[in-house]
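Notes follow once the structure below has been shown.
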Amino acid sequence: MSRHYAILDVFTNKSLAGNPLAVVLDSEGLSDEQMQKIAGEFNLSETVFVFPPENPGQSASMRIFTPKVELPFAGHPTVGTAILTAMERFGDVSGEQDSVVVLKQKIGAVRCAVILRENAAAFAEFDVPKLPES
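Okay, here's the thing in C-alpha cells:
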C-alpha cells in the first residue's frame, strides 16, 4: 500500500521542533482498521487522514487518530492540516497569501483562517463549532 503523506512541525518556525504531525494526503479507500494501524506505525501523538470534501463549502474532510484511538477533534492536527491544505491549494507564495480552509471533522466543520508567508512560518487559527464531549 503506497500513500502520499507529510510530516509537519506545528507551532514552530524551526525544522525538527514544535509538535510533530503526520498527514496522509490520499486516504480514500482506507478502512478504520488500516488508519489505526498506520497511526500506530507513525507513532506520533496524532496522525491525520485527509479525504475529499463532502460538500462544496468544505476544503477537505479529515479524521484524527492517535496510535491507540480516533479523536473527534484536536488542535495541532487542525492547524497543521489547514496550513498544508492551503499550501496544496496555492503552492509557493510571493509575499503573503490569506485564505480560509474549512475542514470537516467528527465535531463538524471547522473554519480555519490561514496566512501563508514567503520565507516565513505560516499561521492558522480556527473556530470550533462545538467542543467534543469527554
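Reminder that position 82 of the sequence shown reads as 81 in numbering that gives the first Met the number 0, one-by-one numbering, no gaps. Just so you know, even glycine gets a beta-carbon here, dropped at the ideal spot from N, CA and C.
Whole-angstrom distance between residue j and residue i, CA atom to CA atom
i   : j   : result
F10 : P55 : 29 Å
L29 : V23 : 11 Å
Q57 : V99 : 10 Å
Helix, strand or coil at residue i [DSSP, three-state]
i    : result
P76  : helix
A38  : helix
E124 : strand
Any non-hydrogen atom of the ligand PLP within 6 Å of residue i CB
i   : result
F64 : By its list of ligands, the structure shown contains no ligand whatsoever, and the ligand PLP lies outside what it can speak to.
Beta-carbon spacing of residue i, residue j below 7 Å
i    : j    : result
Q96  : L115 : yes
A123 : A81  : yes
I63  : V47  : yes
D8   : A16  : yes
Buried or exposed (CB count within 10 angstroms, at least 16 for buried), residue i
i   : result
K36 : exposed
L20 : buried
Limits of the unbroken beta strand (DSSP E) element including residue i
i    : result
G107 : 107-116
A5   : 4-9
Q96  : 95-104
M61  : 59-64
L15  : Segment: none, L15 is in no beta strand (DSSP E) and carries neither H nor E.
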